[in-house]
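Residue numbers (the numbering used here), protein chains in the order written: chain A, 115 to 464; chain B, 9 to 368; chain C, 31 to 335.
See structure below.
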Amino acid sequence: MSEKPISGNAVLSVRNLTIEYRARRGKVQAVRNVSFDVQRGEVLALIGESGSGKTTVSLGLVQLLPGNASITAGKIVYQRRDSATGQLKITSVLELKPSELRAFRWAECAMVFQSALNALNPVLKISEQFGDTAAAHGYLHGKALAERSADLLKLVRLDPDRVWKAYPHELSGGMRQRVLIALSLLLEPQLIIMDEPTTALDILTQRNIMDVLNALRKQLDFSLIFISHDLSLAAELADRVATMYAGIIVELSSVHTIFMNPHHPYTIGLINAVPTLAGTKDELVSIPGQPPDLIDLPTGCKFHPRCPLVEERCRREEPPLEDIAPNHSVACWRWRDARSALKAYEVKTQ
Amino acid sequence: MSEMVVGSEPAGQNGVMRILGKIATNFWLRRILKMLFITWIVISIIFFVVRLMPGSPTDVLVQELMVTRGLAYDEALNQAAQLIGIKLDEPIMNQYFNYMGNLLKGDLGKSYRNTTNTVVGMISERLPWTLFSVGISLIVSFIIGVTLGMIIAYRRNTWLDHLLTSLSAVLDAIPGYLTAILVFVLLGVVLKWVPISMMRGSRSPGIEPGLTWEFISDIFMHLAVPGLVYVLATVGNWMLRMKSNTLSTLGEDYVTVARARGLPDSQIITSYVGRNASLPVVTNLAISLGVLMGGSILIENIFTYQGIGLLLLSAVNSRDYPLMQGVFIVTTLAVIIANFLADLLYGWLDPRTRIPGGNQ
Amino acid sequence: MNSFRRIATPEEGQQSLHSSFWVEAGKTFRILLRNRSGFIGLVLLVSMVVITFLGPLFIKAEDSADVTMIYKGPSWEHVLGTDYSGRDNLIQLVYGGQDIMIVAFLTGIITTVVAVIIGSFSAFVGGWVDSLLMEIVNIWLTVPHFPLLAVVAVLVKLDSPWLLAMLLSFLGWAGQARMVRAQVLTLRRREYVEAAVGLGMGTPHILFRELLPNMMSFILISLVFAMTSAIYQQTGLVFLGLVPFSSANWGVMLSMAYARGAMYQPDAAWNLLTPVAAIALFELSLVLFSRSLDELFNPRLRTEV
């Protein structure tokens, strides 16, 4: 497969990323040949079930994979345009030395993990944790740091007086998540990755955080990779959406296209599965079957055991992620007639 | 444990009520009172256990006097009562109140055997030695154990890990006094690396106690081997606990996030992993002190170290009740105080246990 | 062919929440065998128990003293040397383990049973009963054990293993009870227990099908730990001469040798150190064995995925 060239406006460029885990039973192929770009100022949503590889991709981007995982192939290229000179600084993340990697982390690319409930050191105050982060990167300190942090905390709708001198256990889950978001903005990174930032929270706090993120998007200039299993959240925030299944991207398109004109059976299934307020209770839909065993993957297209449109070719060959339109790629042999075929199928089974 | 700090005293209350109210709301005052209460209960239990057991001191003493001096029973009884100096035929509750009364005055009675010595005197002569040996050994053992524990947690499954973990398991398994015998025989008799005189007693006779280099170096030399034994007996425990704690802490989210934030490893090891992993271990400090003081009765025997362990042993052997009780109470008190201090320390180290808005 | 329109059924939602006792036991056994040091411990333990209880049937005890053979080192005739009156050390070792093992085992069982009952009861009931029991435990733990044992040992005649075991358990249950309670509290908050409570399963069911099977490894470790403490305490008491000697055992061997100043004589080393080695080996085998139990209990210590 020929490699797509990197555009000058891209902040991040991932090509053919492949990540494996070593397990007792064999090798877990968590991420297989994944390629995508993130443009400046855009929000890219990675959507998929658990086990689809979305978290692994993000961990790979900052090289924080657990000990038994390894990146067996691929390139991760990070670009930053110097605002003064207009020069493009290119970094190959996988080739960074440990000290360079440390400098890269958080200052260029900040990753906000799932479940911030335990993401902050319990024995240090919030001020000290901001201080540690700033000091590690030679950023501001003292009063200047306190002021900048206060601004950030206000941006995420927190009261600095309440939060600055507090310990993590004195704050609620939602507050801790927002502190983490504020912390991620501290060093003015170009790229922020958020892995399921609202999953562990109640619906009201979830709403709060989404509002905060929406506001931040408009006020600050950064790119965001938003990882979730929740399509509706992606719809709110994202510019482009990539659906992942069994370690690959199966559809990548603008958010509008994904919802209005999806072409991959999995994506269509995901969208249909989102319950609407207006629907009746016996219209609850799910995609039958289970995600495949990542150690012992099926042949051909990995979705074929669950796909209603499966054909002989699907069982033999895995479809590549192909461009079918300027901003739309799909990995399916039957992408041309997928929508109509499924609609007809639904009508038949009603 | 939630506390509500009462703002102001209710109007119209008298002084006593105000004090009681203050006690109920101040966390630390309550702790101290609880400590005193436990102390009192323990002392009482010890008193009754010792007194109500069969084989009262008079009987033993009477028997002895009859045998060794050939006295008739009545004469022996009189002499015994005189020697012991208490009215043994008084009802037990009177004895109890007398004892408690004396206790509050700081009087623990006189030894049965050497009636010229007060129990308090005998204890205060020996106690510093035990505290000295046990205290220093505990600190050394803690520092070594915790540091090594963290190191092997980081270097998991390397040869160092396997070696130290096995060594800890072995050391932890062997009872302390057996280690003492092994070390004594090995160092003093088989290998002859250490002169026997250095392993007997807490100091060499003939050296005047004082702040002289001669004295201080002497007592440290005498401490060396018993101290080594104390350390060997406990270091394994610290190491293994710390290893387990560190491994758990390394799996915590905030450590991964700290790495994602680009913090230097040295800082992560100390402020993020170290502090959190050692928290549960701190509570063990007080327990360890109790264990070591309990074990001193055996180890001081082997090294003839003149501490209160040895004192208790001779008191037990000679059925010297006041002395037995006294040593017991002092040992328990030491453990209670150590527990209290450890709690203070823990409260200072772990902000999650601090009472919001209360007094620190 | 299945479509995307299907309704989830309640039967599918209710998956089995608890694993059966035998599945847990089978898993336990397999993991026991996997850990090398644990396996060594198990082998050592079993060998020592077998030798101690079956050995006397095959090896004759030596009654007479042989004055010519005092404190001899190892030889073909006396593999581990001789003692202060010329008797063979190895024979004494073979005969000397029974008391110790029986008392250790009895103490372990009694302590563990009491601790489990009180600990889980306290955790389950909660409230003021729990607080009261825990205060009692605190008081129990504050008094230094061994000195108290020493004091009581001289006051009470301890001639039967049962009595000694009960005394040791009486002092030792407190620490175990506290750990059991902590364990029950942790497990109680786990989702599968909450689910069982939510599904309306009764208390006996929760106790026996949900909590106890998952605590088996913990209880076993507690048992082993209680046994090691018991060994330390009883041999210590014998060593100090505070327990009347009922029969020859390792502790008595040690005490006799020590009393005769064996520590200061190089020749007597074998007599002194062989019981030390026997006691230490037995303790060690118990501890090693419990290590594999520990790995079982704390999955984070396991090194495999």
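For each residue, glycine too, the CB sits at the ideal point set by N, CA and C.
Which two residues bound the contiguous beta strand (DSSP E) that contains residue i?
{"i": "Ile190/A", "result": "183-195"}
{"i": "Val173/C", "result": "From DSSP, Val173/C is part of no beta strand (DSSP E); its letter is neither H nor E."}
{"i": "Phe336/B", "result": "Premise fails: Phe336/B lies in the alpha helix (DSSP H), 329-357, not in any beta strand (DSSP E)."}
{"i": "Leu203/A", "result": "A quick correction: the sequence has Lys, not Leu, at residue 203/A. Unbroken beta strand (DSSP E) run through Lys203/A: 202-206."}
{"i": "Val80/C", "result": "Careful: Val80/C lies outside any beta strand (DSSP E), inside the alpha helix (DSSP H) at 66-88."}
{"i": "Val176/A", "result": "Careful: Val176/A lies outside any beta strand (DSSP E) and carries neither H nor E."}
{"i": "Gln153/A", "result": "141-153"}
{"i": "Glu436/A", "result": "436-439"}
Quick check on the DSSP output: the alpha helix (DSSP H) that includes residue i runs from which residue to which?
{"i": "Cys428/A", "result": "426-430"}
{"i": "Val125/A", "result": "That residue, Val125/A, is in no alpha helix (DSSP H); its beta strand (DSSP E) goes 124-136."}
{"i": "Glu214/A", "result": "212-218"}
{"i": "Ala323/B", "result": "316-325"}
{"i": "Asn232/A", "result": "Element bounds for Asn232/A: n/a, residue is neither H nor E."}
{"i": "Ser279/B", "result": "Taken as a continuous stretch (DSSP letters only), Ser279/B belongs to no alpha helix (DSSP H), as it is neither H nor E."}
{"i": "Leu112/B", "result": "100-112"}
Closest Cβ-Cβ distance between residue i and chain B: below 8 Å?
{"i": "Val176/A", "result": "yes"}
{"i": "Met225/A", "result": "yes"}
{"i": "Trp278/A", "result": "no"}
{"i": "Met115/A", "result": "Note that Met115/A scores a pLDDT of 43, beneath 50, so its modelled location is shaky; the value from the coordinates is reported in the next line. No, no contact with chain B."}
{"i": "Val125/A", "result": "no"}
{"i": "Met196/C", "result": "no"}
{"i": "Leu250/C", "result": "no"}
{"i": "Phe83/C", "result": "no"}
{"i": "Ala207/C", "result": "no"}
{"i": "His283/A", "result": "yes"}
{"i": "His251/A", "result": "yes"}
{"i": "Thr216/C", "result": "no"}
{"i": "Gly228/C", "result": "no"}
{"i": "Ser150/C", "result": "no"}
Compare the beta carbon distance of residue i and residue j with 8 Å and say whether it is the shorter of the two.
{"i": "Ala268/B", "j": "Arg219/A", "result": "yes"}
{"i": "Gly138/C", "j": "Ala260/C", "result": "yes"}
{"i": "Ala439/A", "j": "His378/A", "result": "no"}
{"i": "Val155/C", "j": "Leu194/C", "result": "no"}
{"i": "Lys42/B", "j": "Ile160/B", "result": "no"}
{"i": "Phe269/C", "j": "Tyr107/B", "result": "no"}
{"i": "Lys211/A", "j": "Lys239/A", "result": "no"}
{"i": "Thr205/A", "j": "Leu271/B", "result": "no"}
{"i": "Leu75/C", "j": "Ser247/C", "result": "no"}
{"i": "Leu318/B", "j": "Val335/B", "result": "no"}
{"i": "Ala177/B", "j": "Leu318/C", "result": "yes"}
{"i": "Arg146/A", "j": "Ile341/A", "result": "no"}
I want to see whether chain A comes within less than 8 Å of residue i, judged by CB atoms only; does it?
{"i": "Pro288/B", "result": "no"}
Is the shortest distance between the beta-carbon of residue i and the beta-carbons of chain C less than 8 Å?
{"i": "Arg327/B", "result": "yes"}
{"i": "Val6/B", "result": "Residue 6/B falls outside the range modelled here, since chain B spans only 9 to 368, and no answer is possible."}
{"i": "Ala177/B", "result": "yes"}
Chain A contacts from the stretch 258-275 of chain B (Cβ-Cβ distance under 8 Å):
Under the 8 Å Cβ criterion, the stretch 258-275 of chain B contributes Glu260, Asp261, Tyr262, Thr264, Val265, Ala266, Arg267, Ala268, Arg269, Gly270, Leu271, Pro272, Gln275.
If contact means a Cβ-Cβ distance below 9 Å, which residues of the stretch 228-246 of chain A contact chain B?
Hits within the stretch, in order: Gln228, Ser229, Ala230, Leu231, Asn232, Ala233, Leu234, Asn235, Pro236, Val237, Leu238, Lys239, Glu242, Gln243, Asp246.
Can you list, in chain order, the stretches of the alpha helix (DSSP H) that have 4 or more residues and sit fully within the stretch 322-383 of chain A?
For the alpha helix (DSSP H) assignment, the uninterrupted runs of no fewer than 4 residues enclosed by the stretch 322-383 of chain A are, from N- to C-terminal side, 345-351, 369-374.
In the stretch 134-193 of chain C, which residue ranges form an unbroken alpha helix (DSSP H) of at least 4 residues, counting only runs that do not cross its ends?
If we require 4 residues or more, the alpha helix (DSSP H) runs fully inside the stretch 134-193 of chain C come out as 157-172, 175-185.
Going along the chain, which residues of the stretch 152-175 of chain B sit with their C-beta nearer than 8 Å to a C-beta in chain C?
Residues of the stretch 152-175 of chain B with a C-beta less than 8 Å from any C-beta of chain C: Arg164, Asn165, Ser174, listed in chain order.
For the stretch 197-222 of chain A, list every residue whose C-beta sits within 7 Å of some C-beta in chain B, in sequence order.
Residues of the stretch 197-222 of chain A whose Cβ lies closer than 7 Å to any Cβ of chain B, in chain order: Arg216, Ala217, Arg219, Trp220, Ala221.
To be precise: take each residue of the stretch 330-345 of chain B, compare its Cβ to all Cβ atoms of chain C, and keep it if any distance is under 7 Å. Which residues remain?
So the list reads Met332, Phe336, Thr339, Thr340, Val343, Ile344, given in the order they occur along the chain.
At a Cβ cut of 9 Å, what residues of the stretch 271-297 of chain C count as close to chain B, listed as they run along the chain?
Taking 9 Å as the Cβ-Cβ cut-off, the stretch 271-297 of chain C approaches chain B at Gly271, Leu272, Leu284, Tyr288, Ala292, Met293, Tyr294, Gln295, Pro296, given in chain order.
Cβ-based contacts, 9 Å cut-off: residues of the stretch 152-176 of chain C near chain B:
Within the stretch 152-176 of chain C, the residues whose Cβ lies closer than 9 Å to some Cβ of chain B are Glu165, Asn168, Ile169, Leu171, Thr172, Val173, Pro174, His175, Phe176, listed in chain order.
The stretch 209-241 of chain B: which residues have C-beta closer than 9 Å to a C-beta of chain C, in chain order?
Residues passing the 9 Å Cβ filter: none.
What residues in the stretch 346-359 of chain B bring their beta carbon closer than 9 Å to a beta carbon of chain A?
Under the 9 Å Cβ criterion, the stretch 346-359 of chain B contributes Leu357, Asp358, Pro359.
Which full runs of the beta strand (DSSP E) of 3+ residues lie inside the stretch 226-307 of chain A, going along the chain?
You should have found no qualifying run.
Whole alpha helix (DSSP H) runs in the stretch 106-186 of chain B with 4 or more residues, listed along the chain?
Here the runs fully enclosed are 127-162, 167-181.
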